[in-house]
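In our numbering, the protein residues as written are 51 to 266.
Ideal placement from N, C-alpha and C gives every residue a C-beta, glycine not left out.
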Amino acid sequence: MKRVAIFGASGCGRGVLPLARKQLEVSNQEYKLVFVDDQPSSSVVNGHQVLTYSEWLSQPASSRHINIAIANSVIREKLVERSMSDGVQFFEVRASNVVELDDVKIGDGAILCPFVTLTSNIRIGKHFHANIYSYVEHDCVIGDYVTFAPGVKCNGNIHIEDHAYIGSGAVIKQGTPDRPLVIGRGAVVGMGAVVTKSVPPNTTVVGNPARPMNKS
Ligand code: UDP
51 MKRVAIFGAS GCGRGVLPLA RKQLEVSNQE YKLVFVDDQP SSSVVNGHQV LTYSEWLSQP
111 ASSRHINIAI ANSVIREKLV ERSMSDGVQF FEVRASNVVE LDDVKIGDGA ILCPFVTLTS
171 NIRIGKHFHA NIYSYVEHDC VIGDYVTFAP GVKCNGNIHI EDHAYIGSGA VIKQGTPDRP
231 LVIGRGAVVG MGAVVTKSVP PNTTVVGNPA RPMNKS
């Protein structure tokens, strides 16, 4: 039996599992799709069983496949490492209406929600989350464990480093081929922000034009 799981039975996971279910329905294989969660709040969510990770691992399987559907990128990385050490494979969840044009490369375990558009000549690292209605325009380079909330507008020639989080409806101004706009590692872009220049690593920016958040 092929065992397939969505790790996380909270908000993110509940949006992702139906997409995985639809993908699997057309695959013509025998499988069992469940939620995995270390702290299940109930045994069934939206008609699917919720197992702890160790319960899931203890079930006999011909192969195991997981997608880490948790928005917090640090938790996501921790759970990726745990799954890898147990020989679990990662699979991509992609809504059927995602648009992808030419020369797009994406690492393992991505989540591409409904209405996501990826245009041409794009590189994206592992375990990327692109929530509904987000887009990535031409010549962008996106690192590992990057998270887009709904409706992110990532224009051309932008580089986004590992673990950055882009809030809902943020607009990032396009860079140029010789001077891409860079969102630094671990940076956070607040919802609705209009980002007109590069953001240093581990910095939170908000507003229009986006500026570092006053921590007082
Ligand atoms: N979770 C887990 N193992 C961890 C950390 C989190 O199973 O090491 C689960 C947690 O129990 C919760 C989900 O991941 O059900 C995260 O839910 P949350 O609402 O915080 O985030 P979201 O679903 O929006 O990413």
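Compare the beta carbon distance of N171 and D158 with 8 Å and say whether it is the shorter of the two. In the sequence shown, the residue the question calls residue 171 occupies position 121. In the sequence shown, the residue the question calls residue 158 occupies position 108. Contact: no.
The alpha helix (DSSP H) spanning K72 covers which residue range? The count along the sequence shown starts at 1 and reaches residue 72 at position 22. Start and end: 61 to 75.
So what does DSSP say about V130, is it helix, strand or coil? Translated into the one-based positions of the sequence shown, residue 130 becomes position 80. Here V130 sits in helix by DSSP.
CB M241 to CB A220, shorter than 8 Å? On the sequence shown, position 191 is the one that residue 241 refers to. On the sequence shown, position 170 is the one that residue 220 refers to. Their beta carbons are under 8 Å apart, which means M241 touches A220 by this criterion.
Kindly indicate which residue of F57, P251, A121, P68 has the alpha-carbon position closest to the one of E211. To locate residue 211, count along the sequence shown from 1; it is residue 161. Of F57, P251, A121, P68, the residue nearest in Cα terms is P251.
Confirm the yes/no value for this check: CB of V158, any heavy atom of ligand 1, distance under 7 Å. Position 108 of the sequence shown, counted from the start, is the residue given in the question as residue 158. For the sequence presented, residue 158 should be read as Asp rather than Val. No, ligand 1 has no heavy atom inside 7 Å of this Cβ.
Between the Cα of T253 and those of A260, A237, T246, R261, spot the shortest distance and give me the residue it belongs to. Working through the sequence shown from its first residue, we reach residue 253 at position 203. With distances taken between Cα atoms, T253 lies closest to A237.
Cα-Cα separation between K52 and I116, rounded to whole angstroms: The residue you call residue 52 lines up with position 2 of the sequence shown. The residue you call residue 116 lines up with position 66 of the sequence shown. Each residue's Cα considered, the two are about 11 Å apart.
Is A121 near ligand 1, judged by its Cβ being under 7 Å from some heavy atom? Walking along the sequence shown from the start, residue 121 turns up at place 71. Yes, Cβ of A121 sits closer than 7 Å to a heavy atom of ligand 1.
Hey, is S104 close to ligand 1, as in C-beta under 7 Å from one of its heavy atoms? Numbered from its first residue, the sequence shown carries residue 104 at position 54. No, the beta carbon of S104 sits no closer than 7 Å to any heavy atom of ligand 1.
Apply the 10 Å Cβ neighbour rule to E187 and answer buried if 16 or more other Cβ atoms are within range, or exposed otherwise. Your numbering for residue 187 matches position 137 in the sequence shown. Buried, since its Cβ has 16 or more Cβ neighbours within 10 Å.
Since F57 and V100 should fall inside the 8 Å C-beta cutoff, what is the C-beta to C-beta distance between them, to a whole number of angstroms? Start at 1 with the first residue of the sequence shown, and residue 57 comes out as number 7. Start at 1 with the first residue of the sequence shown, and residue 100 comes out as number 50. With a Cβ gap of about 11 Å, F57 and V100 do not count as contacting.
What are the start and end residues of the alpha helix (DSSP H) that includes L107? If you number the sequence shown from 1, residue 107 lands on position 57. 103 to 108 is the span of the alpha helix (DSSP H), which, as asked, contains L107.
Cβ-based burial, V239 [other Cβ within 10 Å; buried from 16]: By one-based count along the sequence shown, residue 239 stands at place 189. Flag for V239 reads buried.
Secondary structure of I182, DSSP reduced to three states: The residue you call residue 182 lines up with position 132 of the sequence shown. Of the three classes helix, strand and coil, the one that applies to I182 here is coil, per DSSP.
Below 6 Å CB to CB, which residues in the same chain sit around I182 once its five sequence neighbours on both sides are set aside? What you label residue 182 is simply residue 132 of the sequence shown in a count that begins at 1. So the qualifying residues of the chain are C163, P164, F165, P200.
Could you tell me the boundaries of the beta strand (DSSP E) in which R53 lies? Sequence index remark: in the sequence shown, residue 53 carries index 3 (1-based). Note, R53: beta strand (DSSP E), 52 to 57.
So, with DSSP's three-state summary, where would you put V244? Numbered from its first residue, the sequence shown carries residue 244 at position 194. Three-state DSSP puts V244 in a strand.
Taking 7 Å as the cut-off, is the beta-carbon of C62 closer than that to any non-hydrogen atom of ligand 1? Counting from 1 along the sequence shown, the entry for residue 62 is found at position 12. Yes; taking the cut-off as 7 Å, the Cβ of C62 has a heavy atom of ligand 1 nearer than that.
Please list the terminal residues of the continuous beta strand (DSSP E) segment that includes I208. Locating residue 208 in the sequence shown gives position 158, where the first residue counts as 1. 208 to 210 is the span of the beta strand (DSSP E), which, as asked, contains I208.
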